[in-house]
Amino acid sequence: MIQTFALIVSILAGIATILNFIFGIARRVGRPWLGWVLFGITLGAFAFIGYFRCAPSPKPELTISPQVSITEHPSITIDKIERNNRIWGHVEGINRDEYDNYKVLVYVHTDKWYIHPYQGQGEDLSWAKIKDDGTWSIETVKRKFTANAVAALVVKGNHPELTPIEDLEEIHYIAKIVIKGTGDL
1 MIQTFALIVS ILAGIATILN FIFGIARRVG RPWLGWVLFG ITLGAFAFIG YFRCAPSPKP
61 ELTISPQVSI TEHPSITIDK IERNNRIWGH VEGINRDEYD NYKVLVYVHT DKWYIHPYQG
121 QGEDLSWAKI KDDGTWSIET VKRKFTANAV AALVVKGNHP ELTPIEDLEE IHYIAKIVIK
181 GTGDL
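Written as C-alpha cells, this is what we have:
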C-alpha cells in the first residue's frame, strides 16, 4: 500500500518536475526553488521505492496448522503420536505397487529440523516403510528438548536423511504434513 502511494507520488512529482524544467513554471510564478523541491520529491520517492523493492524480505516465522496437509495429492497424515513408543500415519494418492519406491521421513523442530528418532539407523529408526494398506509407523523417543513441530514427508526410497536442516524445502518430498508439537517428542 505504502509502495503504491510512493509510486503515485513519484510519478506525479516526476511529471511536474519535467514540465517545470521544460516550461519554467516555477520561475514564472516567482518561486524558482519550487522546481528543486519537486525534483527532490521525485528522487526521494524513487529512493523509497527502490529501498523496499531491494530490501531482503524478512524470514517468515515457523507457522504450524495442526493436521493440515500441504500437498493435495499424494498426501500424508500423522494419526497418532505415543511418547517413547511410535508415531503412526498413512499415505494416500500413491499406487499400492509403488509403495516400495518411497519411504517416510519424520523430522522434529527445535532450533532446526532434525531427523527423528535417529539418523542413519535404517528402517523404523531413521525412516518408515509404507505398508501395503498405506499406513506407516516409526519408533519414537522423548528427547531433552521438546519439539515445537513434527513433520512427516514422503520421499523417494533412495533419498538421504538430511539432518539438521534449516527448512523442510531442502528436502525433495512428494507429500508433507507439519503439525504443532504435542509435547510427546
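For the sequence shown, our numbering assigns the number 1 to the initial residue and increments by one for each residue that follows.
Using N, Cα and C, we set each Cβ at its ideal position, and we do this for glycine too.
A contact between stretches requires three or more CB pairs, one per stretch, nearer than 8 Å, and the region 126 to 143 fails this requirement with the region 173 to 181. As a beta-bridge residue in DSSP terms, W136 pairs with G89. If you compare the alpha carbons of P74, I81, L162 and K156 with that of Q121, the shortest gap goes to L162.
Considering only T146, N148, D124 and E139, the residue with the shortest C-alpha distance to R86 is E139. Each residue's CA atom was taken as its position, placing D124 and V141 some 12 Å apart. Scanning its chain for C-beta atoms nearer than 7 Å, with the 5 sequence neighbours on each side dropped, one finds around F145 the residues T110, in chain order. Put simply, the backbone Cα of I94 is about 13 Å away from that of W136. The three-state reading of DSSP puts Y99 in helix, counting H, G and I together. Measuring C-alpha to C-alpha distances from G89 to each of Q119, V108 and A128 identifies A128 as the nearest. Per the C-alpha coordinates, the member of I171, A151 and I81 positioned closest to N158 is I171. I177 is a Cβ neighbour of I78, given a cutoff of 7 Å. The residue from L105, A152 and L38 with its alpha-carbon nearest to that of G14 is L38. In the structure shown, V141 adopts coil according to DSSP, grouped into three states.
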